[in-house]
Amino acid sequence: MKTINVGIIGGGLMGKEVASALGRWFVLNDYPLKVVLTAVCDINEEALKWYEQIPTIDLLTTDYKALLDAPNVDVVYVALPHHLHEEYYLKVLEAGKDLFAEKPFGINLEAAEIIKNKIDESGSFVRCSSEMPFFPGGQRVIKEILSGRLGKIIEVKAGFCHSSDMDPLKPINWKRQSRFCGDIGVMGDLGMHVMHIPLRMGWKPSRVYAQLQKIVTKRPDGKGGWSECDTWNNAHLSSTISIEGEDVPMILEMKRLAPGETNSWYIEVLGTEGGVRYSTKDTKVFWKFSREKEQVWKRLDLGFQVPFTTITGGIFEPGFPDCFMQMLAAYFAEREGFLDGRLGCVTPEEAVMSHQVFAAALASHETKSAVVIP
């Protein structure tokens, strides 16, 4: 069985999620690749201590060059703040490695385009992280859209809502400062998850009207004082997409101040013959509308129906670690040519498209008008 070796740059929370998924790779049934974690880099030596328990790792370093020079690293996962994406994605590509990138794929549109151009030059295989559509509910939404059973599409709604910033005393961090996370604010943090399925369905907005909110503007700095929180907390985008030559409204929302929402990703697509609705707020539940003599929304409880089967029985419920593993399985399957029609990870082209939407949203808010997206 072929083995692929993975290195991680950025050993924080998401780096640990990758390590966790690779550490239980054997739960995938009949997966024709062995994927192992062999190297981790983080400038914080304390962060590296957690990785000492993983037996497949033979390099723990604070020097990213050592990781990129390692001959037994085939793919590099980079989980760094947005302002470092361009620099380190380019370094990975220049080292001749394949890249699994974190969203939003650069701090702004210009950075995303530079990264995309470098990918084209390098020939490396690159995809971007967006795990939420790999929940069974997201997979069913895609299946129903592609089936044609929804009829003529009436409208689309998608969003990702947190309540994490409802606490005004939550200390400042890099995601709440535009010099680190970008002027797009919450759109950079949550937007790729929201746009993954619409973009994959070919639904790129042609124009957008955005309402952006900075609600909590100061936060504790952790040192007894206060720091400016200058990012957009909430973003509501009213956009227009084209489906079969007709304009269709699509609402996109990304919020860090959404009362009662812990980590709710949702998508709803309504048509003349049917509709679908799914939210991770109720992870098992998939809602399906059918236009009959009496119009009915049907509730279906989903089990463990995932693109890449595992040892887990179909009656059980998936969680975030499961859909994260499915995303990684999709990455390596597409890299090796056996994705076979299953949902793939976000492409560099789609990542650039998302940045085009976010840039237009900033312009729309500034001008208080709808902005055409090229």
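In case it helps, full-length UniProt numbering puts the sequence shown at residues 1 to 374. Using N, Cα and C, we set each Cβ at its ideal position, and we do this for glycine too.
Around the CB of Asn234, 16 or more other CB atoms lie within 10 Å, so the residue is classed as buried. Rounded to whole angstroms, the separation of the alpha carbons of Lys281 and Ala351 is 26 angstroms. Annotation for Phe134: Cys323, Gln326 and Met327 place their beta carbon closer than 6 angstroms to its own, counting only its chain and skipping 5 residues before and after.
Membership of Leu60 in any alpha helix (DSSP H) is not indicated; the residue belongs instead to the beta strand (DSSP E) covering Leu59 to Thr61.
Spatial neighbours of Arg335 in its own chain (CB-CB distance under 7 angstroms, excluding positions within 5 residues in sequence) are listed in chain order as Asp98 and Phe125. For Thr367, the enclosing alpha helix (DSSP H) begins and ends at Pro348 to Thr367. By the criterion of a C-beta distance shorter than 8 angstroms, Gly12 is surrounded in its chain by Asp42, Ala47 and Ala79, once the five residues flanking it on both sides are discounted. Its chain contains Asp301, Leu302 and Glu317 as the residues whose beta carbon lies nearer than 6 angstroms to that of Lys284, once the 5 sequence neighbours on both sides are disregarded; these appear in chain order. DSSP lists no beta-bridge partner residue for Glu45. When the Cα atoms are used, Thr231 and Lys255 turn out to be separated by approximately 12 angstroms. As DSSP reads the structure, Glu268 sits in a beta bridge with Lys157 and Arg277.
One thing to note: Pro104 has its Cβ no nearer than 9 angstroms to the Cβ of Phe338. Each of Lys204, Lys170, Ser147 and Ala361 was checked against the Cα of Trp226, and the nearest Cα belongs to Lys170. Annotated three-state conformation of Lys91 is helix, per DSSP.
Take the alpha-carbon of Gln305 and the one of Phe320: they are about 14 angstroms apart.
Of all alpha-carbon atoms in Gln356, Cys128, Ala330 and Pro55, the one lying nearest the alpha-carbon of Gly344 is that of Ala330. Counting along the chain, Ile311 sits inside no alpha helix (DSSP H), nor does DSSP assign it H or E at all.
Distance from the CA atom of Asn263 to the CA atom of Lys223, rounded to whole angstroms, is 28 angstroms. The beta carbon of His365 sits closer than 6 angstroms to those of Ala210 and Leu212, all from its chain and outside the five residues before and after it, given in chain order. Cβ neighbours of Glu273 within its own chain (closer than 7 angstroms, five residues either side excluded): Arg149, Leu150, Gly151 and Arg291. Non-local beta-carbon contacts of Glu52 in its own chain, meaning distances under 8 angstroms to residues more than five positions away in sequence, involve Leu60 in chain order. DSSP places His236 inside the beta strand (DSSP E), whose first and last residues are Asn234 to Ile243. Around the beta carbon of Ser147, fewer than 16 other beta carbons lie within 10 angstroms, which makes this residue exposed. Per DSSP, reduced to three states, the secondary structure at Asp74 is coil, with no helix or strand assignment. In this structure, Ala39 sits away from Ile184, with a CB-CB distance that is not shorter than 9 angstroms.
Inter-residue distance for Cys181 and Pro81 is about 7 angstroms (C-alpha atoms, whole angstroms).
If the five residues before and after Asp69 are omitted, its C-beta is found closer than 8 angstroms to the C-beta atoms of Ala95, all from its own chain and listed in chain order. When DSSP reads this structure, Ala39 sits in a beta bridge with Gly7 and Leu59.
For Leu252, no alpha helix (DSSP H) segment is defined; the enclosing uninterrupted segment is the beta strand (DSSP E) at Glu246 to Lys255.
Burial is judged here by how many other beta carbons sit within 10 angstroms of a residue's own beta carbon; Ser369 has fewer than 16 and is exposed.
In the three-state reduction of the DSSP assignment, Lys293 falls in the coil class, being assigned neither a helical nor a strand state. Closest option to Met353, judged by alpha-carbon separation, among Phe308, Ser279, Ala333 and Arg207: Arg207. The DSSP-derived three-state label of Trp174 is helix. Within the DSSP bridge table, the entry for Glu228 names Lys218 as partners. Trp203 sits in coil when the DSSP states are folded into three classes, being neither helix nor strand. Looking at the DSSP output, Phe100 shares a beta bridge with Tyr77 and Arg127.
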